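Undergrad:
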Amino acid sequence: MVKFLLLELAFGLAHAQMYGPWKTIAIAADNVDKMEISGELRLYFHQITCEKECKKMNVTFYVDENGQCSLTTITGYLQDDGKTYRSQFQGDNHYATVRTTPENIVFYSENVDRAGRKTKLVYVVGKNGSGSLK
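Numbers -16 to -1, 1 to 118, taken from mature numbering (1 follows the signal peptide of the UniProt record, and there is no 0), label the letters of the sequence shown in order.
1) Between the Cα of residue 106 and those of 3, 22 and 27, spot the shortest distance and give me the residue it belongs to.
2) Between 71, 101, 98 and 76, which lies nearest to residue 39 when the distance is taken from Cα to Cα?
3) If you compare alpha carbons, which of 110, 111, 30 and 104 is closest to residue 19?
4) Under 8 Å, with one C-beta from each stretch per pair, do the segment 64 to 79 and the segment 94 to 102 reach the 3-pair mark?
5) In the structure shown, what three-state DSSP assignment does residue 7 receive?
6) Could you tell me if residue 8 is buried or exposed, where buried requires 16 or more neighbouring beta carbons within 10 angstroms of its beta carbon?
7) Decide if residue 4 is buried, meaning its Cβ has at least 16 other Cβ atoms within 10 Å, or exposed.
8) Report the three-state DSSP secondary structure of residue 67 (helix, strand or coil).
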């Protein structure tokens, strides 16, 4: 029982670290055109919130659309594996946190766009002035 409670506490603390304002520090992708300036998957993170014990993750970010900076929020839904979220933005997305600290989160994401092109991405986001992508 004690191990279960410690596991629950650790899980809860990890998700509590995700709440709040975040800034994009770095982006890497196997299809570079998707994350270049004005690329459809070049996201400038703004805020992350979780609902229902983090079964729903809301990610708010800015994206450059036709020269205009647009604030967008997507909702990712936790999948049956308990690790991966799924959302719709510029196609179908599956993503997971690879590492979470109080100052940084590393996300791994796979996007399949409307044309069926698959892109693998890594996003590093930071908190409290720990870096940002210009």
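Backbone N, C-alpha and C define an ideal beta-carbon position, used for all residues, glycine too.
Predicted, not measured: the structure shown is a model, and the values here were computed from it.
TA: By the coordinates alone:
1) The shortest Cα separation from residue 106 among 3, 22 and 27 belongs to 27.
2) Selected option, being the one with the closest Cα: 71.
3) Taking each of 110, 111, 30 and 104 in turn and checking the Cα distance to residue 19, the smallest one comes out for 104.
4) The segment 64 to 79 makes contact with the segment 94 to 102, as at least three CB pairs between them are under 8 Å.
5) Residue 7 carries a strand assignment under DSSP once its states are collapsed to helix, strand and coil.
6) A residue is called buried when at least 16 other Cβ atoms come within 10 angstroms of its Cβ; residue 8 meets this threshold and is buried.
7) Counting Cβ neighbours within 10 Å, residue 4 comes out exposed, since fewer than 16 surround it.
8) Assigned with DSSP and collapsed to three states, residue 67 falls in coil, not helix or strand.
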